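Undergrad:
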Amino acid sequence: MSEPEQTLKAHSRPSTMDQTGKRLWIYPQAVAGFFTHRREWVSYFLVVVYLLIPWLRYDGLPLVQLNITERQFIILGNIYWPHDVKYLVFVLILAGISLFFFTALAGRLWCGWACPQTVFLEFIFRKVETWIEGDRNKRMALDRAPWTSQKLIKKASKHAVFLLFSAIVANTFLAYFVGTENVLVWMTQAPTEHWVAFLVMAANLGVFYFNFAWFREQFCTILCPYARFQSALTDEHTLQVTYDFTRGEPRGKKGKVAGDCIDCGACVRVCPTGIDIRNGNQLECIGCARCIDACDLIMDKVKRPRHLIRYDSEARLNKKTTTLMRPRVLIYAVLLVVLVSGFFWAVSHRPLVEFNVLRSPGNPYIILQNGDVSNHLSLRLVNKDRQSHNISFRLEGLDEAQLVVPVQPFLLPANTIRRLEIFINVPVAALSDGKHPVVLKLYSDEMEVAQSDAYVLGPQQ
């Protein structure tokens, strides 16, 4: 097989797999530099935010709580109910457009800087691994060495810390749904007293531990769909981690070739997915910029300019004019501004008290003893506010109609859903076509807050 064919075959399979399909374990070398330090700050900030949010309170409520059992989502002191799903649609569309915008602008920023997979793996689990087992060479030697008491102690200690942190993350995840108070109480009780919550926590612990203790970078290279479609979101003007072929090639030992790349392999050794960035943009590259820091350190040592590997666009590498704010990026930016504005407007104008009109099953109407027609309607009332409201109804659109409500006004407690049965009585003569449209208006403390259209039905004349 020729060398080009061997290269093509090697590049057609994941960097974590050999020719036989066997797993190749990745041992990234530690690196320090401009981008790595800043990624550390961002990552530790995100980890602290994740761990702290369930403990924080805003105006007496959890800052964020997704209470599925009571069908309430609490976000920044506001309570959202299942029928507020339209706001979730806003959020999902915003997330999608944001992904398109940032990918078109600067490639896989999310993967390298904010994805939980990268944050936890690179700055928690690999840090623990390096602390206990040592850097790259020591870890490789330890894995190749026969089992001894020292190796057993190191492996057991590492996985014990892995399990401990996985348990912290899993219990924190559970607290997002049931609250920290419940989690703290359940931790002191037998699992059988809350077995559903315990199974949820145990399943999350197991998945989290399996992923970061063994599966690791394979999630990015095999499972994550983003790597598959990100190429459709980028173009030659997108900023990405790139190798300057013109400056670096031909590579070789210093003084023997004209290129700046001395073929030291530092960029490969530090890569968390095991790729060689000098082979061009690849599916496995998560844009973490570790190779940039590693290459800059080598360039400093050999007295050559930095940024042989850098954030740059393909167009600029090919000596073409490049621009970040091109039409597709501007379109995404405009969509983001419109959607964000629309989202905050919708949330700020969200009705706190609303109702739905449901017609009771069975006969749509009955004839009363006095000959009038009576329609039985069921109202589903929702008070999303944190205060109680005095509720009353008025009927408009049919002067002859009489609205019969059990109690009016009545108190609708805060954060509740109530069902109310009402009747609309009307003379048969008022329903010449067997039906007549009406408007039912809801008043809270003498102020109209909602209305709904309905029909009064009766026999056709």
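In our numbering, the protein residues as written are 5 to 465.
Here a beta-carbon is modelled for each residue, glycine too, at the ideal position from N, C-alpha and C.
The model shown is predicted, which means the values in this text are computed figures rather than measured ones.
Using DSSP bridges, identify the partner residues of Met-451.
TA: Numbered from 1 along the sequence shown, position 447 holds the residue referred to as residue 451. Ser-448.
Undergrad: CB-CB under 7 angstroms to Arg-61, same chain, minus the five flanking residues each way: which ones, in chain order?
TA: Counted from its first residue, the sequence shown places residue 61 at position 57. Answer for Arg-61: Leu-67, listed in chain order.
Undergrad: What runs of the beta strand (DSSP E), each 3 residues or longer, lie entirely inside the stretch 259–337?
TA: 313–316
Undergrad: Do Leu-113 and Phe-106 come within 9 angstroms of each other at the CB atom, strictly closer than that value?
TA: Counting from one through the sequence shown, the residue named residue 106 turns up at place 102. Counting from one through the sequence shown, the residue named residue 113 turns up at place 109. Going by C-beta atoms, Phe-106 is nearer than 9 angstroms to Leu-113.
Undergrad: Only counting the same chain, and skipping five residues up and downstream in sequence, which positions put a Cβ closer than 6 angstroms to that of Lys-445?
TA: Walking along the sequence shown from the start, residue 445 turns up at place 441. Only Arg-398, Glu-452, Gln-455 meet the Cβ criterion.
Undergrad: With Ser-378 as the anchor, note down where its alpha helix (DSSP H) starts and where it stops.
TA: Counting from one through the sequence shown, the residue named residue 378 turns up at place 374. Note, Ser-378: premise wrong, no alpha helix (DSSP H); beta strand (DSSP E) at 377–387.
Undergrad: Can you find a CB in chain D that lies within less than 9 angstroms of the CB of Pro-410?
TA: Here chain D cannot be found, since the structure has a single protein chain.
Undergrad: Pairs of beta-carbons, one from the stretch 25–32 and one from the stretch 115–122, closer than 8 angstroms: are there three or more?
TA: no
Undergrad: Which class does Val-409 belong to by DSSP, given the choice of helix, strand or coil?
TA: One-based indexing of the sequence shown puts residue 409 at position 405. Coil, per DSSP.
Undergrad: If you draw a straight line from the alpha carbon of Ile-395 to that of Val-443, how long is it in whole angstroms?
TA: Your numbering for residue 395 matches position 391 in the sequence shown. Your numbering for residue 443 matches position 439 in the sequence shown. The alpha-carbon atoms of Ile-395 and Val-443 are separated by roughly 16 angstroms.
Undergrad: Within 10 angstroms of the Cβ of Tyr-48, are there 16 or more other Cβ atoms? Answer buried if so, exposed if not.
TA: Position 44 of the sequence shown, counting from 1, holds the residue named residue 48. Exposed, since its Cβ has fewer than 16 Cβ neighbours within 10 Å.
Undergrad: Starting from Ile-486, trace the beta strand (DSSP E) both ways and give me its first and last residue.
TA: Since the first and last residues shown for the chain are 5 and 465, residue 486 lies out of range.
Undergrad: Spatial neighbours of Ala-14 within its chain, please: CB distance less than 7 angstroms, with the 5 preceding and 5 following residues excluded, ordered by chain position.
TA: Here residue 14 refers to the residue found at position 10 when the sequence shown is read from its first residue. Residue confidence for Ala-14 is low, a pLDDT of 45 falling below 50, so the modelled location carries little weight; the figure read from the coordinates is stated next. There are no such residues.
Undergrad: Please classify Pro-58: is it buried, with 16 or more other beta-carbons within 10 angstroms of its beta-carbon, or exposed?
TA: By one-based count along the sequence shown, residue 58 stands at place 54. Buried is the call here.
Undergrad: Rounding to the nearest angstrom, what Cα-Cα distance links Arg-308 and Asn-285 in this structure?
TA: Indexing the sequence shown from 1 puts residue 308 at position 304. Indexing the sequence shown from 1 puts residue 285 at position 281. Answer to the nearest angstrom: the Cα atoms are 24 angstroms apart.
Undergrad: For Asp-316, which option in Val-411, Val-377, Ala-110 has the closest C-alpha, if you only look at C-alpha atoms?
TA: Taking the first residue of the sequence shown as position 1, residue 316 is located at position 312. If we check each option's Cα against that of Asp-316, Ala-110 comes out closest.
Undergrad: Is it right to say Val-291 is buried, meaning 16 or more other beta carbons lie within 10 angstroms of its own, or is it exposed?
TA: To locate residue 291, count along the sequence shown from 1; it is residue 287. The identity of residue 291 in the sequence shown is Gly, whereas the question assumes Val. Gly-291 comes out buried.
Undergrad: Answer with buried or exposed for Gln-23, where buried requires no fewer than 16 other C-beta atoms within 10 angstroms of its C-beta.
TA: By 1-based counting over the sequence shown, the position of residue 23 is 19. By the neighbour-count definition (other C-beta atoms within 10 Å, threshold 16), Gln-23 is an exposed residue.
Undergrad: Would you kindly check if the distance between the Cβ of Leu-381 and the Cβ of Glu-358 is under 9 angstroms?
TA: Sequence index remark: in the sequence shown, residue 358 carries index 354 (1-based). Sequence index remark: in the sequence shown, residue 381 carries index 377 (1-based). Contact: no.
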